[in-house]
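Numbering (UniProt numbering), first residue to last: 1 to 689.
Structure record follows, encoded as structure tokens.
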């Protein structure tokens, strides 16, 4: 792969007028390309994509009239598609996928009679889809735009059409699905995420789609299992997710999976209201997603015959019985999500060496027994969520060597004993979410682990992306790892786990001893919950270095001393709970501390000052053992009093400004990119390559 400098772009404008074809695909071109290149008089073919950093605009006039192929997909070209494009009477390939084009789709585009391939997907185009004049279209993709209006009937006259993708637009009106039977050569159809489009599946009509292999009808308001699927013989990928299909899966569908669809690789029936037994896919399938339904019965042992799986997601159903031991031996399985069922018994104990597992989610079941040591064979594991079960064991220290592990949740089980590091050089090096709350752990807080949480020390809070995002390779639907956390006092399920999301929850155990100062080095920590333990001592001043902290819960412990003034440096702290301890002295003011109410300090009778009704009189303002003396600050009480008075005014002004104009960064990201439990996915889907 070569790289062409931006300074070299000027050379392209001096090309010979006799140039017929120019292809510079994937050459790392950067900068803006002059539109003059599209005005060369004899140019017939121009292909520049993909070059993600190459920008430019289409010419308003003087196009190269012989142009037959224009490929700018996956570039940064932007602006409108000009109406003058209709002058390219010889154009048969127009590929502008995944650029930054906006504005109306010009009506002249639909008058090009020679078009065979038209791909405008993944832009910001508006307007309606006109009636096409070209009956030679073979490939049409307008997905992921802001198009409106009715479904164009002229599409049903495209006898050569093989690929049609109109997903994630705002098409409306009525569509008779049996019309697609006119398209005998159609092998891929994607109408997903058109909630305003009313699709009529006539149960009496004969559907003849002999070549259909890829069918995506996610979020199309389908309310019954489509019978037109029964005659299909060559189906490879099927997506009926996010509909309102009710009742049992029909017997003919089970039969199809057993006998006819032996080559099917992708099935997504998730987010419906399906009942009855789980269908068994054929061996050879790679992605089987049936989550968020109402399926019942025992976990079928016949699943052991489907060792080809990459993703198995049966979460949020009512499946019962033990988990088959064979699942730990599937060589290609990278995601096993069985959360929120009624599964019982032990976790499979034979996870094989060299397995591909990256995500194991078994939370919210009735699993018991100890953890299998073979989990240590999952060297690619990023997410392990075993919360809300009945697992009884000591802390699995043998997981500390898993260098890819980023989420470890053992919440609400029967774990017990002391959490101690057993000699790994860099234990839990990449851990970002550590939740062992609601267990019976005892002894000191696990300082030996905390001081090795490198990702919590160094992670960039502006870093984008998510943990465990799995691209199925078939659609843009990604498997999104989720985790339930106690966030600011409430249980929330984060359906996408941001790289910058870092939390520690050790609450509701029997930990004792003092707070480790090393916690103050976890500079990217977003949430810290150590409540309901037996922790003693004072809050280390180093906690003031947790500049990204948004919630801190130290309630129901035996902490004492003054609240460190350094905590007013926590500008994003939205929730503070220090209640039911033995704190004393004046409550710091300034910054976010001006926003906390009485509940943050309840059960500390020796505290005084805002927001409590108990004022700090002359005898109570300055306890003899002030934290200022303990920390050898060198200031006497008079200097402190003057500083407090000035700081109160300045701090209230600063706090008001933060409160009125600031917004905790994680909260902003949650609003923009994280869906709380119960909110449907909105990921767009695109066609298979």
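Note that beta-carbon positions come from the ideal geometry of N, C-alpha and C, so glycine has one too.
This structure is a prediction, so every number in the text was calculated from the model and none was measured.
Give me the residue from the options with the minimum Cα distance to residue i.
i, options, result
"residue 139", "484, 25, 185", "185"
"residue 512", "419, 92, 198, 549", "419"
"residue 421", "397, 440, 437", "397"
"residue 108", "100, 99, 130, 116", "130"
"residue 127", "112, 101, 269, 505", "101"
"residue 592", "561, 578, 550", "550"
"residue 503", "509, 514, 491, 529", "529"
"residue 73", "61, 82, 89, 52", "52"
"residue 198", "172, 390, 580, 231", "172"
"residue 579", "46, 571, 606, 377", "606"
"residue 289", "227, 483, 279, 329", "279"
"residue 294", "264, 245, 261, 325", "245"
"residue 75", "33, 424, 113", "33"
"residue 566", "545, 560, 553", "545"
"residue 87", "71, 67, 217, 105", "67"
"residue 520", "534, 552, 115", "552"
"residue 541", "514, 403, 99", "514"
"residue 442", "522, 55, 534, 188", "534"
"residue 372", "395, 365, 449, 382", "395"
"residue 526", "154, 458, 559, 46", "458"
"residue 456", "430, 222, 187, 439", "430"
With 16 as the cutoff for other CB atoms within 10 Å, does residue i come out buried or exposed?
i, result
"residue 427", "buried"
"residue 599", "exposed"
"residue 331", "exposed"
"residue 432", "buried"
"residue 690", "The requested residue 690 is not part of the displayed model; the chain covers only 1 to 689."
"residue 256", "buried"
"residue 446", "buried"
"residue 38", "buried"
"residue 646", "Low per-residue confidence applies at residue 646: pLDDT is 40, beneath 50, and the placement is therefore not dependable, though the value from the model is reported in the following sentence. Classification for residue 646: exposed."
"residue 414", "exposed"
"residue 224", "exposed"
"residue 18", "exposed"
"residue 63", "buried"
"residue 510", "exposed"
"residue 323", "buried"
"residue 20", "exposed"
"residue 660", "Only weak support exists for where residue 660 lies, its pLDDT of 39 falling under 50; the value from the coordinates is given anyway. Looking at its Cβ environment, which holds fewer than 16 other Cβ atoms inside 10 Å, residue 660 is exposed."
"residue 202", "exposed"
"residue 287", "buried"
"residue 252", "exposed"
"residue 281", "buried"
"residue 61", "exposed"
"residue 685", "Only weak support is given to the placement of residue 685: the predicted model assigns it a pLDDT of 36, under 50, and the value that follows is read from those uncertain coordinates. Answer is buried; the Cβ neighbour count reaches 16."
"residue 340", "buried"
"residue 262", "exposed"
"residue 537", "exposed"
"residue 361", "buried"
"residue 104", "exposed"
"residue 653", "The predicted position of residue 653 is uncertain, since its pLDDT is 38 and thus under 50; a value taken from the coordinates is nonetheless stated next. By the neighbour-count rule (16 or more Cβ atoms within 10 Å), residue 653 is not buried but exposed."
"residue 505", "buried"
"residue 239", "buried"
"residue 358", "buried"
"residue 113", "exposed"
"residue 590", "buried"
"residue 412", "buried"
Tell me, which residues are paired with residue i by DSSP?
i, result
"residue 394", "416"
"residue 584", "606"
"residue 165", "141, 190"
"residue 126", "104, 146"
"residue 288", "267, 312"
"residue 366", "344"
"residue 199", "175"
"residue 436", "DSSP output for residue 436 lists no bridge partner at all."
"residue 32", "55"
Closer than 7 angstroms: is that where the CB of residue i sits relative to any heavy atom of the ligand SAH?
i, result
"residue 134", "Although the ligand SAH was asked about, the structure shown includes no ligands whatsoever."
Counting Cβ pairs closer than 8 angstroms, one from the stretch 266-276 and one from the stretch 299-308, do we hit at least three? Touching, no, given that fewer than three Cβ pairs across the two stretches are closer than 8 angstroms.
Where are the beta strand (DSSP E) runs, 3 residues long or more, that stay fully inside the stretch 510-559, in chain order? Counting whole runs of 3 or more residues, the stretch 510-559 contains the beta strand (DSSP E) stretches 510-514, 527-529, 534-537, 551-553.
Scan the stretch 218-279 and note each continuous alpha helix (DSSP H) run of 4 residues or more that stays entirely inside, going in chain order. Qualifying alpha helix (DSSP H) stretches, in chain order: 251-255.
Spell out a yes or no on whether the stretch 161-172 and the stretch 192-201 are touching, meaning 3 or more CB-CB pairs, one atom from each, closer than 8 angstroms. Touching, per the Cβ criterion.
Restricting to runs no shorter than 3 residues, where is the beta strand (DSSP E) found entirely within the stretch 39-87? The stretch 39-87 contains these whole beta strand (DSSP E) runs: 45-47, 51-56, 69-71, 75-79.
Whole beta strand (DSSP E) runs in the stretch 293-332 with 3 or more residues, listed along the chain? Counting only unbroken stretches of 3 or more residues, the beta strand (DSSP E) elements lying wholly within the stretch 293-332 are 311-313, 320-322, in sequence order.
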